[in-house]
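Just so you know, the protein sequences line up as chains G and D, in that order. Each residue of the first sequence is one higher than the one before, starting from 1 at the first, in this note's numbering. Each residue of the second sequence is one higher than the one before, starting from 10001 at the first, in this note's numbering. What follows is a single structure, written as structure tokens, with notes after it.
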Amino acid sequence: MADEYETDKKKSHRERQAGRKAEKKKKKKELLQNDQEKSNNPKAFAINSVVRAERKFRRGQDVQTKKQHIPVVDRTPLEPPPILVVVVGPPKVGKTTLIQCLIKNFTKQPLTSIKGPVTVVSGKKRRITFMECNNDINSMIDLAKVADLVLLLIDASFGFEMEIFEFLNICQVHGMPKIMGVLTHLDMLKENKTLRRIKKDLKHRFWTEVYQGAKLFYLSGILHGEYLKNEVKNLCRFISVMKFRPLIWQTSHPFLIADRMEDLTPPEEIRQNPKCDRTVSLYGYVRGIPLNRHSTVHIPGCGDSKLADVCFLPDPCPLPDKLKKRSLVEKERLIYAPFSGVGGIVYDKDAVYVELAGSHSHKKSRESEPERKLVSSIVDTKLTLDEKIAQSEVQLFSNTKPIVASEFQDDLKPCPNESMEVDHPSHIRHDKNTSLAENDEDASDSDNSDSDDEMHGAENEVTSDDGADSSDEDESDDAEVDSDYSSANDHDESMGESCERLEHGEESETDNDSDSDGSVFEAKDSNVNWKSNLAMKAADAFVERQNSSANLWNLVYGYNPMDQSSDSEDNENEIGGLFRVVRQKQQSKLEEKDTMDSVDSSKFPIKQLKDWTNESIKESIRDCFVTGKWKASEDASELLRLDDLTDEDEELYDDFEDLETGEKHTVESAKKPSKDDDETELDDSKEPEEPMTKEKLMEKKRKLKEKFDAEYDDKTGEGSSYYDDLKQEASKQAELNKSMFEGLEDEVRVELEGFRSGMYVRMELTQMSCELVTNFDPTYPLIVGGLQSGEETIGYVNTRVKKHRWYGKIMKTNNPLIISLGWRRFQTIPVYSKLEDNLRHRMLKYTPEHVTCHMHFWGPITPAGSGLLAVQDVATREPGFRIALTGSVVDTNQTTKITKKLKLTGEADKIFKKTAFVSGMFTSTLEAARFEGAKIRTVSGVRGMIKKALPKPEGAVRATFEDTVLKSDIIFCRTWYQVEVKKFYNPVTSLLLSPDAKNAWKGMKTVGELKRERGIRSEPQYDSMYTPINRKPKFFKPLKVPKELKAALPYKDKTKDFYTGRSNLKKQRVAVVRNEHETEIAALMRRISTNYKEKRKKQQEATHARIEALKKKKQAEELKALKNQKIMKKKIFTILGKEEKKKQQKEARSKR
Amino acid sequence: MKNVKSNLLEFKGSNFFRQRLILSVLSAKPIRITDIRSKSDEPGLAEFEINLLRLIDKLTNGTVLEVNETGTTLYFQPGMLTGGKFDHECCKQRAIGYYFEAVLAFAPFCKKALEITLRGVTNNKIDPSVDSLKTGALPLLRRFLIIDPGIDLKIRKRGMEPEGGGEIHFVCPNLKQLKPIQIKDFGKIKRIRGTAFSLRTSPVLSNRVIDGIKSVLLNFIPDVFITVDHLKGQNAGKSPGFGASLVAESTAEVFYTADQVCNIPPEPRSVPEDLGKELAFRLCEEISRGGCVDSSYQSLVCLWMALHQKDVSQCLFGPLSPYTIQFLRHLKEFFGVTFKLEPFVQDDEDDFDLKQGSNKVLVTCVGTGFNKIA
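So, in structure tokens, the structure goes:
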């Protein structure tokens, strides 16, 4: 790809203007045009087939809808945090070199030793943090979760290594950041052809892994230990224009990549106990969503902790202020990398650190000039704020005397006494205030923030300026109010509480409103008998108090962040400061005691109802009803009047200055009827209404028109589908999110919306283990991940996982596994299961090879849908792929329901017809009783049911079957046994390990590993052992047919006892005992027979010999005859041949 | 684990017991409440509070409760909100509204659809009545949804103190997410509706109540219409009594509610006309407080405003009630959310002051980024 961006420019092509070629082209063009006219057949695209048209339309819609995504509210702040570029790759591919080159390109100065994140300003609107990922799988996992862009370095001379694939897989699981491949070591390939082939091969492999057309960058070689300048420049360009899409985890959690760490523990404590818990402050840019001050965070590799304190600091690497220039000035090319020892002056909450960088210090001082200016300006300040304000001058109009602040104060002094005027401050005063706030640079920040809200600004000014003067009057008023309240206090408890709070609220706030309250009360007192309405007045006061935002804040939160910067601090620094704090505490304690056990009801407490039939009271809500008066923009009669007005004056729009008189007439005439309606009210409000000038009317008209347009224009337009509406809503919300707190000060904003991303913050963490500090290694990423509420807790997590197809083994239930989920990495003991059709989780001993299964484990609660991956081991570098499982969270809960099958077997003791007493199935009667009604079965398939547990043999039951069972039948009961998931959760604390232990962390070992280590072989199960089977020969009883039956049978079917008969005969014979004579006879007979046998034998042998001889003789004779025959034949044929010859000769002769 | 302990929040006293439990469950932070009525004659948790704990235990999975012998100390470690189908007998010391407010706070955040039947006292003097919840609180919840998936509350039976016997049925389908709201327009009241009920008493009483109501409200607006809900047999609960509830509807779909019931026996009998008048006064008070939210449900709205994505929500309240004020403080403690509170200033286009009751408070907050766990 780099080739495309090679900068050598070639001469561009110039088209011929005249000559043959130009004419030719002209002709061609004309021809084409004519053709087009001809081919514009109107019928060509008309609907031919309705069905096809419908299908076409449907397909079109399908394609269109598929492209749509649910619109997400864009939450990127105006000043985004630096993008995080992570450089990943196996060792020795040139990661560090690349980072060095990139930094050099951005900042124009080399950075020799790089440790940890390096932030640079890359352009007018973008900053980049570079981070190198070392070859530890822990770092790879952590960085994949936070990276915006990944530069994946690949050694082209070697090809892809396992780390690359592992990292890609990690990325896929934790939300895919942008990935850009970078091929290095291309100069190692000498031959051009192989280079091209390898480039192509690697590119296509990379594409299959990431996506088709993913960017792969080529760094063709190294010159003086650096990559080629042009190529690096191109890479930089790519990086600085890259766009990113939001990743779910990152846009739902705040996080921070610490680029600086300080140990705040007192050195004395460390000296006493080097292993004491440390207080640590971490610094970095907030990323993701705004970080809440009170949230819990997780540091991957260290653990959970609560944020002790967070505060934001001035940006150490700010974006350039002016956007007019085309490129950055040298000064603005900032670099910030405290871990690598770069960063110049570093501000802290209570200290300033200055980096003293030896002989190169002059260089660095130049970069940090803006900061220095700031410091010097602070140091130079000689006057206090009040003095400055007093000195400041404002000129309202040209040619007038400038107004000095002190004059202004004098003007305001009598103010608090005039109760009515305070409610309606005159216009002049407004202008003064706002202009003062705008023009005066030294004015306190609060003034600036308030300048948007005129009313408010005015009030604040008054309080700060003449607090001392007005306090006397205030107190007298307060005293009145207090006395009222104290009596009311007896009257009812809950109101009393509010009154007390009011009291102390007033003390801190000497506000105009309280004055007006007082005066209002006085007025009322004169009318009504004051004692009767005490409670009501208290209630009124409670309500009245909520009419300024400062009061509201005070009321609810006990302090007011709006004035925090100026007023409250001043007050606290005053003499009474200490006393006040104590008093407040006592107050709050008292309050707490009062309300501690009161009734818990959400209703608004009303103790004394006003008499709403009273005309004056009735009047106060008159306009809440449709029958009351409407706003000018909504009032129908008013609108009509406006319409008439404008119709009349239509042609006079152009120059309305002349028409004042005529216009006045119309206003008055139109007003008359409305005046009649409510004369009493209008008296006060009329005065401002009087100058109803043309401008105002125009303004009103414009607003109305806008409203009308908004209502009707969109509806007529075609783009108002549901999707468009959603999109519009999302963008509206995004706009609102950005604009809502725009004018506020950062201190207040932080309170309201948290530390928004892009802010540079310092967070303090207490009670961190000392290893975090002592074993700190900046090359390992230190990420602080914010946790949402509920994510700090631990429970059972149900996930859907699949064994990775590249992982060699299958996983076994109850073997410990290291899982990366959310921010965390931890070891746990999972149980695998299969979700069956009846929604039962059935335990699996091993993960299936190619399909997903469920995995339950005890771990941190994480929202459903978050991805997870598991590795068996983070330490050993076994050859092969290390990621064992990938999947996502399905559900979290505090209980699990995984079962495995359990077969209980028993035998039938006693068998009646269809009932049997089964024993051996259960161990106790109690257990048996639990199974009453359970289904049972025999091996042969006879089904039955357990009826009742028997008392006598322990664990026996009475059961019935559908058929008689045999005694030899095995009866079994199928049940499900709940499998317990072990509560083991062990975070992998890789950051706390010493450097040499980092690569050796093992955690819990698997049973297999332990057995192998200790040489334990598992005991064989006797049930499943092979033993020789000794089978006794089976004897069958003879078949016995009763005599009578035998007799009755026909012969065919009768049992035949031939065999039996013979054997019987033998057995029936009587043994013969011979006498002497008989013995002699027998002996003689034996001799004779022996003799005879011998003779016969000899005769036979002789016969055999004779026959043999005869055979031989015959054979010989035959042979002889054959021979003779042959000779004879020969003779005959010779004679025949001769005769034939003769004949032929004769014939030949005769022919001649 | 270390962090679980450090999350523990400690409180004192029995007040705002519900808020603390609700927020504890939603934030998954354990709480310890000590000194519960420790100085009272009847120390410890009251029966209705224990009943509430039971209800929460039903709605959640894995809740751990530890109460000491006297009941003055409670340790509560919340489980997970599951949802499902439940049936709960509420304690008769408090009305169903007391429990239902808690249920309503949980409903959008349950894993599964929630279907719950609550039995007990439907109307009493201290808690919002079921009618008020139905007409006042449910429309507020609907405002936080893109489409209403069928949230429904049915009042099947009514029951008065002391015996109760009322029953309501609440259905809330699984809601994926709440959306941020921006409500600043409270419109003008266009109609007033209501129900007057009489249980185990003469139906004439409710008519007399209506007379009382109309005598006041017709001075303001002609469109006042109140239905009589005379229940018979089992539906009328177990104790006699009568009462009414009113709802004022504005042109901007804002509802203000008020309700009142008769005194129960030991106290002197209440006169129906006077009750009606008082109720009308209460509604007027509510209207004068105004805002876009009924004052009883400010806290619920605050909760829903805080618990969604990091988006800005804005709502106009009447004066904050003491309950809401405490709720806001609790929200800060549990979730770290601070609300921006400012007095509401009408658009400057108005040249004259409208008489719209007391000052309004504009409440703005950024969501916590809360997402429903599973």
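Beta carbons are placed, not taken as given, at the ideal position from N, Cα and C, and that holds for glycine. Just so it is clear, the structure is predicted and the values come from calculations on it, not from any experiment.
By the Cβ rule, the stretch 10276-10295 of chain D counts as touching the stretch 10211-10220 of chain D, because three or more pairs are nearer than 8 angstroms. For G/TYR1026, no Cβ of chain D is located within less than 8 angstroms of the residue's own Cβ. When the Cα atoms are used, D/HIS10308 and G/SER252 turn out to be separated by approximately 11 angstroms. Boundaries of the beta strand (DSSP E) harbouring G/VAL889: 883-893, taken from the DSSP string.
Flagged as an interface residue toward chain D: G/PRO290, by a C-beta distance shorter than 8 angstroms.
Cα atoms of G/PRO266 and G/CYS770: separation of roughly 13 angstroms, rounded to the nearest angstrom. When beta bridges are read from the DSSP output, G/ALA916 appears opposite G/ILE911 and G/ALA959. Listed in chain order, the non-local C-beta contacts of G/ALA734 below 8 angstroms within the same chain comprise VAL73, ASP74 and ARG75, local neighbours out to five positions each way being set aside.
The residue from D/GLU10273, D/ASN10124 and D/SER10313 with its alpha-carbon nearest to that of D/GLY10097 is D/ASN10124. A straight line joining the alpha-carbon of D/ILE10325 with that of D/LEU10300 spans about 12 angstroms.
Contact of D/LYS10214 with chain G is not assigned, every C-beta pair being separated by 8 angstroms or more.
Sequence-ordered contacts of the stretch 72-97 of chain G with chain D read VAL73 and ARG75 [C-beta pairs closer than 9 angstroms]. Of the candidates G/SER240, G/ILE861, G/ALA46 and G/LYS982, G/ILE861 places its Cα closest to the Cα of D/SER10027. Around D/PHE10281, the beta-carbon contacts reaching into chain G at under 8 angstroms are LEU609, LYS610, ASP611 and TRP612.
The alpha-carbon separation between G/TYR1022 and G/LYS845 amounts to approximately 21 angstroms. The contact set of G/ASN737 on chain D, defined by CB atoms closer than 7 angstroms, consists of ASP10311 and VAL10312 in chain order.
From the beta-carbon of D/PRO10128, the residues of chain G found nearer than 8 angstroms are SER602 and LYS603.
For a Cβ distance threshold of 7 angstroms, nothing in chain G lies close to D/ASN10174: the least Cβ distance comes to about 12 angstroms. For G/ARG943, the uninterrupted beta strand (DSSP E) run begins and ends at 943-949, by DSSP. By a beta-carbon distance limit of 8 angstroms, G/CYS624 contacts D/GLY10290. Their separation comes to about 6 angstroms. Checking the DSSP bridge columns, you'll see G/HIS854 partnered with G/ARG800 and G/SER833. For G/THR847 against G/ARG800, the beta-carbon gap comes to about 12 angstroms, at or over 8 angstroms, which does not count as contact. Flagged as an interface residue toward chain D: G/ILE606, by a C-beta distance shorter than 8 angstroms. For G/HIS224, no chain D residue has a Cβ inside 8 angstroms of its Cβ, as the nearest lies near 49 angstroms away. Here D/LYS10179 really is in contact with D/ILE10146; their C-beta atoms are around 6 angstroms apart, less than 8 angstroms. DSSP places G/SER1150 in the helix class (H, G or I) of the three-state scheme.
Taking a 10 Å sphere around the C-beta of G/VAL1072, we find fewer than 16 other C-beta atoms and assign the residue as exposed. When the Cα atoms are used, G/ARG1086 and G/GLN1099 turn out to be separated by approximately 20 angstroms.
For the stretch 10260-10281 of chain D, residues whose beta-carbon sits nearer than 8 angstroms to a beta-carbon of chain G comprise GLU10278, ALA10280 and PHE10281.
Contact with chain D is absent for G/VAL773, since none of that chain's Cβ atoms lies less than 8 angstroms from the residue's Cβ.
By the criterion of at least three beta-carbon pairs nearer than 8 angstroms, the stretch 265-283 of chain G is not in contact with the stretch 961-976 of chain G. If you look at G/GLU132, you'll find it in the beta strand (DSSP E) that goes 127-132. Residues of the stretch 870-890 of chain G with a Cβ closer than 9 angstroms to any Cβ of chain D, in chain order: VAL889 and VAL890. DSSP places G/VAL50 in the helix class (H, G or I) of the three-state scheme. With respect to the C-alpha of G/LEU642, the residue from G/GLU699, G/SER616 and G/LYS910 having the closest C-alpha is G/GLU699. Rounded to whole angstroms, the Cβ separation of G/ARG1069 and G/ALA1082 is 17 angstroms, and the two are not in contact under 8 angstroms.
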